[in-house]
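The block underneath contains the structure these notes are about, expressed in structure tokens.
Protein chains: 2
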Amino acid sequence: MVLERSGTIFMRNIKLTIRYDGTAYVGWQRQKNGVSVQEAVEKTLRKIIGEKICLIGAGRTDSGVHARGQVANFKTASHLAPERIKRALNSRLPEDIAVSAVEEAGTDFHAQFSALGKRYRYTILNSDAKDPFVRRFAYYCPQSLDLSEMRKAARHLVGKHDLKALQNSGSVRKDTVRMIRKIAIEKNGPLVYIDIEAAGFLYNMARNIVGTLIEVGRGKMPAVRVKEILSGKDRRYCGPTAPARGLCLIKVIY
Amino acid sequence: MVLERSGTIFMRNIKLTIRYDGTAYVGWQRQKNGVSVQEAVEKTLRKIIGEKICLIGAGRTDSGVHARGQVANFKTASHLAPERIKRALNSRLPEDIAVSAVEEAGTDFHAQFSALGKRYRYTILNSDAKDPFVRRFAYYCPQSLDLSEMRKAARHLVGKHDLKALQNSGSVRKDTVRMIRKIAIEKNGPLVYIDIEAAGFLYNMARNIVGTLIEVGRGKMPAVRVKEILSGKDRRYCGPTAPARGLCLIKVIY
Chain A
35 MVLERSGTIF MRNIKLTIRY DGTAYVGWQR QKNGVSVQEA VEKTLRKIIG
85 EKICLIGAGR TDSGVHARGQ VANFKTASHL APERIKRALN SRLPEDIAVS
135 AVEEAGTDFH AQFSALGKRY RYTILNSDAK DPFVRRFAYY CPQSLDLSEM
185 RKAARHLVGK HDLKALQNSG SVRKDTVRMI RKIAIEKNGP LVYIDIEAAG
235 FLYNMARNIV GTLIEVGRGK MPAVRVKEIL SGKDRRYCGP TAPARGLCLI
285 KVIY
Chain B
35 MVLERSGTIF MRNIKLTIRY DGTAYVGWQR QKNGVSVQEA VEKTLRKIIG
85 EKICLIGAGR TDSGVHARGQ VANFKTASHL APERIKRALN SRLPEDIAVS
135 AVEEAGTDFH AQFSALGKRY RYTILNSDAK DPFVRRFAYY CPQSLDLSEM
185 RKAARHLVGK HDLKALQNSG SVRKDTVRMI RKIAIEKNGP LVYIDIEAAG
235 FLYNMARNIV GTLIEVGRGK MPAVRVKEIL SGKDRRYCGP TAPARGLCLI
285 KVIY
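Chains as they are written, first to last, in the working numbering: chain A, 35 to 288; chain B, 35 to 288.
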């Protein structure tokens, strides 16, 4: 592994846990049409460490999607202590990005390939009044939602399925079988949380699951229709893709 | 009262309860240097009702201060039902303002003069890591805070006092005696809430109390100094004015 040793320089592997308000970003991954979170963190790291840094993220979050537990790693020859990197990052990063942990990782750790799964949370504001305080992080749905019907529908999704019908049409993935470990739907005052944990996510899968569950909750689709969507494998029968602002990458499981 | 009856037109008195993220506004009250919340709501009401509307707010919140329970009232000849006004406001107001209640009020109700008191909450993020999700609504204080010392200092403030030392120097108020009914300091994970309830607030009083309590919490000032500040009535001894972003008008008491 050339990266681990170049001449006599030992390369450390540093793991970051990152939170961001994704509203102003084109997503995690570098894009031509705007600033990505990856770019913002790499630029700040470069100033702190004085080396060009290449960050590997656990998952690409889409434009406008948030994270409380995005994980990324990078190799560096620097001797800076993790605690010092953390402090320097938090004082220099833009206000909408913060680092909650900086740790020394084993040389084999790879934020994307070492991940065993991810947990996303989708937040719905289900109330007759909007709330400016959660508007950046919740999708506003004023219609009443039948949570027990939504839970019924969710139960059909848990397990190993071909989720072709739940990825967006732009996607080119051939292997569309994914294992959904858990979908939990909880209410907390006017907020409804939909937590989805899976070994892997297809393009827009989380937001398509949520869009479909909302259709069920509003009574526009029977819970059992989800079974037909899965067996038909056709995107046209599932609900609309729920807006990005409600989605947050909560945790990457290693 | 000319306003109540002009000719044969009966004027209704409508009470609004308003929430806003104050980040983008110059405060509640109309100002020359930017957009106020009052202006934004009046403009939207005018479009809905088709009359020029004059809103009376319970309290002027400063630039950057938020509200979950600001109250305002206006007189109108319109027959629109409160529920319809509420729906129309929430669909037309900017995203950072929402109306949580619209009610018919008695003709004598005056949002400012009928108020018996107000409750403000100041939120501090007290953690070694910043949090982009609360950055608009919390002041970030990474140093550890001794809450029991802060509570001791707060106890000296509760009651009826001349609070001249706790208003900012720009203020021209002659009568600076105010009744502080309650100061509660609670911790919820990394967030510290300081709730202040008083019959009336002087200019920047809430933020000066918080700034002083933070100095005590950080060990830069003994709790008992607060007594000296009150008796000295001199602004110079109290802590710095805490930043606007942490302050929120929670409730107006009638």
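Every residue gets a Cβ at the ideal spot worked out from N, C-alpha and C, and that includes glycine. Remember, it's a predicted structure, so these values are computed and weren't measured experimentally.
- Each of A:Glu220, A:Phe167, A:Lys66, A:Gln63 was checked against the Cα of glycine 280 of chain B, and the nearest Cα belongs to A:Phe167.
- For methionine 213 of chain A, the enclosing beta strand (DSSP E) covers residues 211 to 222.
- The Cβ of tyrosine 54 of chain A sits closer than 9 angstroms to at least one Cβ of chain B.
- Residues of the segment 157 to 173 of chain B with a C-beta less than 7 angstroms from any C-beta of chain A: Ala163, Lys164, Asp165, Pro166, Phe167, Arg169, Phe171, listed in chain order.
- Within the segment 101 to 153 of chain B, the beta strand (DSSP E) runs of at least 3 residues that lie entirely inside it are, in chain order, 131 to 139.
- Lysine 120 of chain B sits away from lysine 285 of chain B, with the two beta carbons spaced by 9 angstroms or more.
- The segment 147 to 165 of chain A makes contact with the segment 176 to 184 of chain A, as at least three CB pairs between them are under 8 angstroms.
- Within chain A, Ala163 have C-beta atoms less than 8 angstroms from the C-beta of valine 133 of chain B, given in sequence order.
- For glycine 266 of chain B, the three-state secondary structure derived from DSSP is helix.
- Glutamate 220 of chain A has a beta carbon lying at 9 angstroms or more from every beta carbon in chain B.
- Listed along chain A, the residues sitting closer than 8 angstroms to aspartate 130 of chain B by beta-carbon distance are Pro166, Arg169.
- Taking CB atoms only, lysine 77 of chain A has no neighbour in chain B less than 9 angstroms away.
- Per the coordinates, the alpha-carbon of glutamate 76 of chain A lies some 21 angstroms from the alpha-carbon of cysteine 282 of chain A.
- The three-state reading of DSSP puts glycine 251 of chain B in helix, counting H, G and I together.
- With respect to the 9 angstroms criterion, glutamate 220 of chain B and valine 211 of chain B are not classified as neighbours on the basis of their beta carbons.
- Per the Cβ contact rule, the segment 182 to 199 of chain A is not in contact with the segment 50 to 67 of chain B (fewer than 3 Cβ pairs under 8 angstroms).
- For leucine 225 of chain A, the enclosing beta strand (DSSP E) begins and ends at 225 to 232.
- The DSSP-derived three-state label of valine 69 of chain B is coil.
- Interface with chain A (9 angstroms Cβ-Cβ cutoff): lysine 49 of chain B is excluded.
- Under DSSP, histidine 195 of chain B takes part in a beta bridge, and its partners are B:Arg212.
- Put simply, the segment 46 to 53 of chain B touches the segment 108 to 128 of chain B. At least three CB pairs are less than 8 angstroms apart.
- At a cut-off of 9 angstroms between beta carbons, asparagine 124 of chain A contacts chain B.
- Judged by DSSP in its simplified three-state form, lysine 164 of chain B adopts coil rather than helix or strand.
- In this structure, isoleucine 228 of chain A and leucine 247 of chain A form a Cβ contact; the two beta carbons are roughly 6 angstroms apart against a cut-off of 8 angstroms.
- Contact with chain B is found for lysine 120 of chain A, since one of that chain's Cβ atoms lies less than 9 angstroms from the residue's Cβ.
- The secondary-structure analysis by DSSP pairs asparagine 47 of chain A across a beta bridge with A:Lys109, A:Ala139.
- Counting along the chain, lysine 285 of chain A sits inside the beta strand (DSSP E) bounded by residues 281 to 287.
- Taking the Cα positions, aspartate 142 of chain B is about 52 angstroms away from leucine 127 of chain A.
- Secondary structure at arginine 80 of chain A: helix, using DSSP grouped into helix, strand and coil.
- A Cβ of chain A is located within less than 9 angstroms of the beta carbon of arginine 102 of chain B.
- Straight across, the Cα-Cα distance linking glycine 234 of chain A with alanine 199 of chain A is about 15 angstroms.
- The Cβ-Cβ distance between threonine 51 of chain B and serine 134 of chain B falls below 9 angstroms.
- The three-state reading of DSSP puts glycine 56 of chain B in helix, counting H, G and I together.
- In terms of Cβ geometry, histidine 100 of chain B and phenylalanine 147 of chain B do not form a close pair [threshold 9 angstroms].
- Residue pairing for glycine 93 of chain A: DSSP places it in no beta bridge.
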